[in-house]
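Right, one structure below, let's go through it.
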Amino acid sequence: QTQVDGSAVQDAIQRALERVMGKQIRVMACSRTDKGVHARGQVVAFRGHRNTDAKAFVTRLNEYLPVDVVAVDGRVAPSDFHPRHSSRAKHYRYTIHNHPTRRVFGRHLAWHVKEPLDIEAMQRAASLLV
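Sequence positions in the sequence shown follow our numbering and run 100 to 229.
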């Protein structure tokens with residue numbers, strides 16, 4: 100999902116792809132991420148050259164991506180592949196750092212809650228969702 104100010108991960112990927120490929124590219128992603136949320140294993144697709152070496156392409160793409168966005172793998176997909184509609188599953192992980200003091204390392208990967216958590220109440224609420 101792109102943002103008006105161009106700050107979304109999809110925007111960064113599109114800009115990098117356009118620099119590598121020398122033309123305007125439309126990226127399709129498997130799902131949206133909210134601001135401040137990490138997306139591990141996000142799958143994106145775009146129309147490009149089929150004769151490109153995938154490993155070399157990923158290396159080149161990473162040269163143009165910001166430090167907080169990394170392309171890990173690249174593959175040629177079937178023409179009917181769509182990241183959202185072709186995916187078999189999505190996994191979500193929510194992490195809470197429940198401690199009086201905040202973390203220095205990994206602080207952007209967890210929600211910091213100082214107060215004690217009511218685990219039983221959380222489990223009851225979660226059972227309504229799954």
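All C-beta atoms in this analysis are idealised placements derived from N, C-alpha and C, irrespective of residue type, glycine included.
Look up residue i in the DSSP assignment and say whether it is helix, strand or coil.
i: residue 184; result: coil
i: residue 105; result: Here residue 105 scores only 45 on pLDDT, less than 50, and its place in the model should not be relied on; the value that follows carries that caveat. If DSSP states are grouped into helix, strand and coil, residue 105 belongs with coil.
i: residue 138; result: coil
i: residue 144; result: strand
i: residue 196; result: strand
i: residue 219; result: helix
i: residue 170; result: coil
i: residue 224; result: helix
i: residue 211; result: strand
i: residue 176; result: coil
For residue i, does the count of other Cβ atoms within 10 angstroms reach 16, so buried, or fall short, so exposed?
i: residue 116; result: buried
i: residue 123; result: exposed
i: residue 112; result: buried
i: residue 216; result: exposed
i: residue 160; result: buried
i: residue 109; result: buried
i: residue 171; result: exposed
i: residue 210; result: exposed
i: residue 203; result: exposed
i: residue 229; result: exposed
Below 8 angstroms on the Cβ atoms is my contact criterion, and I expect residue i with residue j to pass it. Report the Cβ-Cβ distance as a whole number of Å.
i: residue 156; j: residue 127; result: 17 angstroms between Cβ atoms; not a contact.
i: residue 139; j: residue 153; result: With a Cβ gap of about 20 angstroms, residue 139 and residue 153 do not count as contacting.
i: residue 189; j: residue 226; result: Rounded, the Cβ-Cβ distance is 20 angstroms, inconsistent with contact.
**Prompt:** Taking one C-beta from the segment 177 to 187 and one from the segment 157 to 169 each time, how about it: are there three or more such pairs within less than 8 angstroms?
**Reply:** no
**Request:** Indicate whether the contact test is met: 3 or more Cβ pairs, each with one atom in the segment 207 to 215 and one in the segment 190 to 198, closer than 8 angstroms.
**Result:** yes
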